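Novice: Before I ask anything, let me first share the structure, which is written out below as structure tokens.
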Amino acid sequence: MKTNFLILLFLAMYNVLSAQLEEDQIKITLNKYIEGTSYNNPEMVMEAFYEKANLFLSHKEKKLWIMPIKEYAAGLKSREKGKFNGRTGSILSVDIENDIATAKAEILIPKGELRFIDIFLLKKIEGKWKIISKAATRTN
1134 MKTNFLILLF LAMYNVLSAQ LEEDQIKITL NKYIEGTSYN NPEMVMEAFY
1184 EKANLFLSHK EKKLWIMPIK EYAAGLKSRE KGKFNGRTGS ILSVDIENDI
1234 ATAKAEILIP KGELRFIDIF LLKKIEGKWK IISKAATRTN
């Protein structure tokens, strides 16, 4: 009986640790996007995304602005790489189901007093978490 209890306890602890490890890996991926956009690093941004991912963005003149990740990352190349541009982000939530996950982040751009909420769809591809889609809305 004691052995069965210890086995169940070990399995429960393993599941908790495994879930935490997956969440940590997802946060690493999300932070590549956040840091890459804050420091004008297109390569870091591309590391976070699946190469064919699309971003669904807010635009005052379009009801839906769809941008491929390669085009989005290329837009960072015109800025000084490694220089902090004032943009900050924080991860608000992560929800994981097997090899897919959703995440929510707040993005602040003090210049212009802008606040965005980003919703990410991620998938574990070949052992790595990748953002396969992102939608953003401006909240102010």
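1134 is the number of the first residue of the sequence shown in our numbering; add one for each residue after it.
Cβ atoms here follow ideal geometry from the backbone N, Cα and C, with glycine treated the same way.
All values reported here derive from a predicted model rather than from experimental measurement.
(1) Going by the CB atoms, is the gap between Asn1218 and Asn1173 shorter than 8 Å?
(2) Which residues in the same chain as Gly1169 place their Cβ atom closer than 6 Å to its Cβ, once the five residues preceding and following it in sequence are excluded?
(3) In chain order, which alpha helix (DSSP H) runs of at least 4 residues are fully inside the stretch 1167-1239?
(4) Using the Cα positions of Gly1222 and Phe1189, report the straight-line distance between them to the nearest angstrom.
(5) Is Lys1267 helix, strand or coil by DSSP?
(6) Figure out for me which residue from Pro1243, Asp1228, Ile1224 has the closest Cα to the Cα of Leu1163.
(7) Hey, out of Asn1231, Thr1136, Lys1203, Ser1191, whose CA is closest to Leu1154's CA?
(8) Per DSSP, Leu1247 is paired with what?
(9) Is it true that the CB of Ala1206 sits closer than 8 Å to the CB of Pro1243?
(10) So, for Ala1186: in the same chain, excluding its five sequence neighbours on each side, which residues have a beta-carbon less than 8 Å away from its beta-carbon?
(11) Apart from the five residues just before and just after Ala1181, which ones in its own chain have a Cβ nearer than 6 Å to its Cβ?
(12) Can you tell me which residues form a DSSP beta bridge with Ile1258?
(13) In angstroms with no decimal places, state the Cα-to-Cα distance between Thr1270 and Thr1136.
Specialist: The relevant details are as follows:
(1) Taking the sequence shown and counting its residues from 1, the one referred to as residue 1173 is at position 40. Taking the sequence shown and counting its residues from 1, the one referred to as residue 1218 is at position 85. Taking 8 Å as the Cβ cut-off, Asn1173 and Asn1218 qualify as a contacting pair.
(2) Here residue 1169 refers to the residue found at position 36 when the sequence shown is read from its first residue. So the list reads Met1177, Val1178, once near-sequence residues are dropped.
(3) 1175-1181, 1202-1207
(4) Residue 1222 sits at position 89 when you count from the first residue of the sequence shown. Residue 1189 sits at position 56 when you count from the first residue of the sequence shown. Each residue's alpha carbon lies about 18 Å from the other.
(5) If you number the sequence shown from 1, residue 1267 lands on position 134. In this structure, Lys1267 counts as strand in the three-state DSSP scheme.
(6) Position 30 of the sequence shown, counted from the start, is the residue given in the question as residue 1163. Looking at the Cα atoms, Ile1224 is the closest of the given residues.
(7) Locating residue 1154 in the sequence shown gives position 21, where the first residue counts as 1. Residue Asn1231 is the option with its Cα nearest to Leu1154.
(8) Walking along the sequence shown from the start, residue 1247 turns up at place 114. Its beta-bridge partners are Ile1242.
(9) Taking the sequence shown and counting its residues from 1, the one referred to as residue 1243 is at position 110. Taking the sequence shown and counting its residues from 1, the one referred to as residue 1206 is at position 73. No.
(10) If you number the sequence shown from 1, residue 1186 lands on position 53. Only Pro1201, Ile1202, Lys1263, Ile1264, Ile1265, Ser1266, Lys1267 meet the Cβ criterion.
(11) Counting from 1 along the sequence shown, the entry for residue 1181 is found at position 48. Within the same chain, Ala1181 has close Cβ partners Thr1162, Lys1165, Tyr1166, Ile1264.
(12) As a first step, residue 1258 must be located in the sequence shown, where it is residue number 125. Lys1261.
(13) Locating residue 1270 in the sequence shown gives position 137, where the first residue counts as 1. Locating residue 1136 in the sequence shown gives position 3, where the first residue counts as 1. Going by the C-alpha atoms only, they are around 53 Å apart.
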